[in-house]
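One point on numbering: in my numbering, the residue at position 53 of the sequence shown is 38, and numbering is uninterrupted. A short worksheet on the structure shown next.
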Amino acid sequence: QLQASGGGSVQAGGSLRLSCRANRMITSTFNPSAVAWYRQAPGQQRDLVAEIATGGNKNYADSVKGRFTISRDNSRKMVYLQMNSLEPGDTGIYYCQVRTRANIVYWGQGTLVTVSS
């Protein structure tokens, strides 16, 4: 249902923009859904990075506040994560998530971000 892209290798201080396409999800399902990005660092659990709740509120993990920005384009069924001032601690596999109004959760396949010092 979800296809993530945009990962890569960058040096600390660099930027990346992750994209997630809900290409198999109908618009009437996607538009009211909450969307989020999670990160799984090596050997760690998957943690929330940023989300847009169903009411439109945006929430960020403390570690990325002021550096990352989550956004969505409902007309294209896309979710984005703009990541600036990247740090080595941002390294991990990033997963997009869509949670529908029926509380059904979909995950993307993950895209790897590697930040070197």
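Ideal Cβ positions, reconstructed from N, Cα and C, are used throughout, including at glycine.
Using CA coordinates, which residue listed in 48, 16, 62 and 102 is at the minimum distance from residue 4?
Taking the sequence shown and counting its residues from 1, the one referred to as residue 4 is at position 19. Ranking 48, 16, 62 and 102 by Cα distance to residue 4 puts 62 first.
Tell me, please, which residues DSSP counts as bridged to residue 96.
On the sequence shown, position 111 is the one that residue 96 refers to. According to DSSP, residue 96 bridges with 79.
So what's residue 54 in DSSP terms, helix, strand or just coil?
One-based indexing of the sequence shown puts residue 54 at position 69. It is a strand residue.
Per DSSP, which residues does residue 25 bridge with? Please list them.
Counting from 1 along the sequence shown, the entry for residue 25 is found at position 40. Its beta-bridge partners are 31 and 78.
Below 8 Å, can you find three or more Cβ-Cβ pairs linking the stretch -10 to -2 to the stretch 43 to 51?
Contact fails: fewer than three Cβ-Cβ distances are below 8 Å.
Specify the secondary structure class of residue 0 as computed by DSSP and reduced to three states.
Here residue 0 is taken as the residue at index 15 of the sequence shown, counted from 1. In this structure, residue 0 counts as coil in the three-state DSSP scheme.
Say whether chain C places a C-beta atom closer than 8 Å to the C-beta of residue -11.
In the displayed structure, chain C is absent; only one protein chain is listed.
Near residue 36, what residues of its chain come up, given a Cβ to Cβ distance below 6 Å and the 5 sequence neighbours on each side ignored?
Reading the sequence shown from its first residue, position 51 is the one you call residue 36. Cβ neighbours of residue 36 beyond the five flanking positions: 21 and 44.
Return the first residue and the last residue of the alpha helix (DSSP H) that residue 13 is part of.
The residue you call residue 13 lines up with position 28 of the sequence shown. Counting along the chain, the alpha helix (DSSP H) containing residue 13 begins and ends at 12 to 15.
Could you give the DSSP three-state label for residue 70: helix, strand or coil?
Here residue 70 refers to the residue found at position 85 when the sequence shown is read from its first residue. The answer is coil: DSSP assigns residue 70 none of H, G, I, E or B.
Since residue 83 contacts residue 10 with CB under 8 Å, what's their CB separation in whole angstroms?
Residue 83 sits at position 98 when you count from the first residue of the sequence shown. Residue 10 sits at position 25 when you count from the first residue of the sequence shown. Confirmed, about 7 Å.
Could you compute how far the alpha carbon of residue 60 sits from the alpha carbon of residue -14?
For the purposes of this step, residue 60 is identified with residue 75 of the sequence shown, where counting begins at 1. For the purposes of this step, residue -14 is identified with residue 1 of the sequence shown, where counting begins at 1. Answer to the nearest angstrom: the Cα atoms are 16 Å apart.
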